[in-house]
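What follows is a single structure, written as structure tokens, with notes after it.
Given below as structure tokens:
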């Protein structure tokens, strides 16, 4: 299991949290309960199984919604 | 293409503003309806493009967002050829979002300042022995790093070579530089003011003390209270419900205008954003003023506190006790003091340190069979003699008889507020020492401020004798004082108060008080930032600065009030808008959108006030 911390550009719309949350949770291989979209720090944290899904898949799901990514970090847990 | 349009949102907002002005000039200036209509149609189409894209993306992940409501409303307005409304509503929505982003950045600025102190690069020793600049993420434990004058220490580590002075203000709040040499510990985020050192990395990234503080504050600003989680759940179903309501209105009245107005009026903007902005501003203010607040639940609890319980040593007092009075009984005192010092050298108790310091140079002997008596003292064997060092309770346990003079001295010492250290050699009392700890300067005024802020009871609990504790309590004007308390006793006392329905905050230095810190509704640690106390407590006063406590309480009270204000503003606006729609005829989509966007700005600006919060009278 890997843990991703993804820094996004400043989030300002209230409903974007729900969108990102649903988009990341909808990916296969992402542990649903671990997904945390942080409004004020504009970060997404999620645990994922690197065999089922890659960090690039997660990044793409978020960027497709129109939220540019500044940087992301992956750590083994 | 989609991303291109979203990236050009600000330009689109500007162009649609110009088009709207131009259109109205066409209508009222030169009476040309053609210019009016087409300017507004183009403005509407331009403006709705980014909103519609966001709506589409939201629907793709099964979310009915505000964008969806606005898109439907604008398309509806265009279908009934109300271009004026469609253009102005899209413009207001986009412009509002722009202002929200700008102002939100302000509310987050205080915490951003903190995270930007994090080191980004390091000079790492490579295989060839040279130092190369690398990203701080590429540093592993055990790496050897070079830190030059003026640079930030990149990780927590130990000095291998070199000497220097380090400013540790980012960790401890103390700006006086600290000298470091071979073997000293250094911390990430601190600044080397002079000298050059090589260090070995012990902890990197999020594991460093600074990393933990940042992590804590970041988590805190996004932590949610029960009320907030409720609002989140509520808004999840609220937006779809508004959509359904709009459809129902349309089906029953066949009035498109009314139906789309319902969609716009129902947008939940200010409600979702109101509490987080108060939270982030309040926590940001705290971070700037040396108070770490761990989230909105803590803010709510602390703002309602009834009783604050203090540990004495190290909290109300400086925690550096000194021997101020002493009496000796019998002869051969040099020998006795030598035994005493030898035993005390085994202990790291603050009283032992004070005694050692007072004795100074002496002849140390080997200590055997050391036994620590909890809440009593130490019993050990030195040079064949049985030595007991500790309080009255220990003397009783050791069956040591106090003569009349000693009894009087004990009474006298206790009355003066001393902690007692008695020394017995082979069952005979030889020395009595009175140790006192100075009260922190300014504590009295700080406690008075707490009372003014509405704290009902101020209680001190201490392991010291009752005389000492009473004296401190009298001097400081505390409401209650209890001595002879072991750590378990302290937590039991807190439990008792909680059972009476009081909300309790406990202030301690965190090391031996962790059960009480964890048990109290709000655990407040006097941390130098390097303690484990950061983890077990809810509030951390940086650099063990007691004077930050009144600020912390006043700030949480203001923040809690601010959150309530924002909820009232948000709910009130929606209710007034809906009432106006039902009972008046002046309400329309444009006014609805304008009021909505204004209410969002009002809650953000209201939250921002907290950044400048200062306790009155300071």
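Protein chains in written order, with the UniProt record's numbering: chain A, 1 to 77; chain B, 1 to 618.
A virtual CB, placed ideally from N, CA and C, is assigned to each residue, including glycine.
Since we're looking at a predicted model, the values are computed, not measured.
Report task. Can you tell me which of the three DSSP states residue 608(B) falls into? Result -> helix
Requested in this report: With a cut-off of 8 Å on the beta carbons, I'd call residue 619(B) and residue 390(B) a contact; round off their distance for me.
Outcome: Summary: the structure shown does not reach residue 619(B), with chain B confined to residues 1 through 618, and so no result is reported for it.
Query - Boundaries of the alpha helix (DSSP H) in which residue 27(B) is found, first to last residue - result: Neither: residue 27(B) is in no alpha helix (DSSP H) and is coded neither H nor E.
Query raised in the report: Going by other Cβ atoms of all chains shown within 10 Å of its Cβ, with 16 needed for buried, is residue 321(B) buried or exposed?
Result: buried
Query - Beta-carbon contacts of residue 49(B) that lie in its chain and below 8 Å, excluding the five residues immediately before and after - result: 5 and 12
Query raised in the report: When you compare only the Cα positions, how much space is there between residue 530(B) and residue 602(B)?
Result: Residue placement at residue 530(B) is flagged as unreliable, the pLDDT there being 47, under the threshold of 50; a coordinate-derived value is accordingly withheld.
Query raised in the report: With 8 Å set as the bound, which would you pick, yes or no: does the beta-carbon of residue 105(B) sit closer than that to a beta-carbon of chain A?
Result: Interface criterion met: the Cβ of residue 105(B) is under 8 Å from a Cβ in chain A.
Query raised in the report: Would you report the Cα separation of residue 32(A) and residue 213(B), rounded to the nearest angstrom?
Result: 27 Å
Query - Proximal residues to residue 586(B) (C-beta, below 8 Å), its chain only, five neighbours per side dropped - result: 580
Requested in this report: Pull out every residue of the stretch 194-223 of chain B whose Cβ sits closer than 7 Å to any Cβ of chain A, in chain order.
Outcome: 218, 221 and 222
Report task. Check residue 348(B) in the structure and name its three-state DSSP category. Result -> coil
**Report entry** Closer than 8 Å to chain A by CB, residue 280(B)
**Finding:** yes
Query raised in the report: Out of curiosity, what's the CA-to-CA distance linking residue 492(B) and residue 498(B)?
Result: For residue 492(B) and residue 498(B), the distance between alpha carbons rounds to 10 Å.
Query - Within 8 Å, strictly: CB atoms of residue 198(B) and residue 161(B) - result: yes
Report task. Examine the Cβ distances between the stretch 282-297 of chain B and the stretch 610-617 of chain B and report whether three or more of them are shorter than 8 Å. Result -> yes
Report task. Taking 8 Å as the cut-off, decide whether the C-beta atoms of residue 118(B) and residue 187(B) are in contact. Result -> Result no, Cβ atoms of residue 118(B) and residue 187(B) do not sit closer than 8 Å.
Query raised in the report: Can you list, in chain order, the residues of its chain whose CB lies under 7 Å from that of residue 88(B), leaving out five sequence neighbours each side?
Result: 20 and 590
Query raised in the report: For the stretch 17-30 of chain A, which residues have a CB atom closer than 7 Å to at least one CB atom of chain B, in sequence order?
Result: Taken in chain order, the members of the stretch 17-30 of chain A whose beta-carbon sits within less than 7 Å of a beta-carbon on chain B are 18, 19, 22, 23 and 26.
Report task. Return the first residue and the last residue of the alpha helix (DSSP H) that residue 277(B) is part of. Result -> Residue 277(B) -> alpha helix (DSSP H) spans 269-288.
Requested in this report: Can you grab the Cα-Cα spacing for the pair residue 314(B) / residue 519(B), in whole Å?
Outcome: 20 Å
**Report entry** Rounded C-alpha distance that separates residue 19(A) from residue 65(A)
**Finding:** Looking at the two C-alpha atoms, the distance is approximately 8 Å.
Query - Any chain A beta carbon closer than 8 Å to residue 11(B) - result: no
Query raised in the report: Does residue 288(B) have its Cβ less than 8 Å from a Cβ in chain A?
Result: no
Report task. Check each residue of the stretch 27-51 of chain B: if its Cβ is closer than 7 Å to any Cβ of chain A, include it; give the result in chain order. Result -> none
Query raised in the report: DSSP on residue 315(B), reduced to helix/strand/coil?
Result: Residue state, collapsed to three classes: helix.
**Report entry** Expected contact under 8 Å - CB spacing of residue 599(B) and residue 573(B) to nearest Å
**Finding:** 4 Å
Requested in this report: Closer than 7 Å by beta-carbon distance: list the chain A residues that pair up with residue 6(B), in chain order.
Outcome: 66
Query raised in the report: Would you call the stretch 461-477 of chain B and the stretch 440-447 of chain B in contact, with 3 or more CB pairs under 8 Å?
Result: They touch, by the three-pair rule.
Query raised in the report: residue 132(B): buried (16+ other C-beta within 10 angstroms of its C-beta) or exposed?
Result: Result: exposed.
Query - Helix, strand or coil at residue 357(B) according to DSSP, with G and I counted as helix - result: Of the three classes helix, strand and coil, the one that applies to residue 357(B) here is helix, per DSSP.
Query raised in the report: On the three-state DSSP scale, how would you describe residue 363(B)?
Result: coil
**Report entry** Under 8 Å between C-beta atoms of residue 555(B) and residue 291(B)
**Finding:** yes
Query raised in the report: Should residue 434(B) and residue 344(B) be called a contact, given that it needs their Cβ atoms to be closer than 8 Å?
Result: No, the pair does not count as a contact, with Cβ atoms beyond the cut-off.
**Report entry** Residues that residue 292(B) bridges to, as DSSP identifies them
**Finding:** In the DSSP secondary-structure assignment, residue 292(B) is bridged to 540(B).
Query raised in the report: Any C-beta of chain B sitting closer than 8 Å to the C-beta of residue 78(A)?
Result: This structure cannot speak to residue 78(A), because chain A is shown only from 1 to 77.
Query raised in the report: Would you say residue 34(A) faces chain B, with C-beta separation under 8 Å as the test?
Result: no
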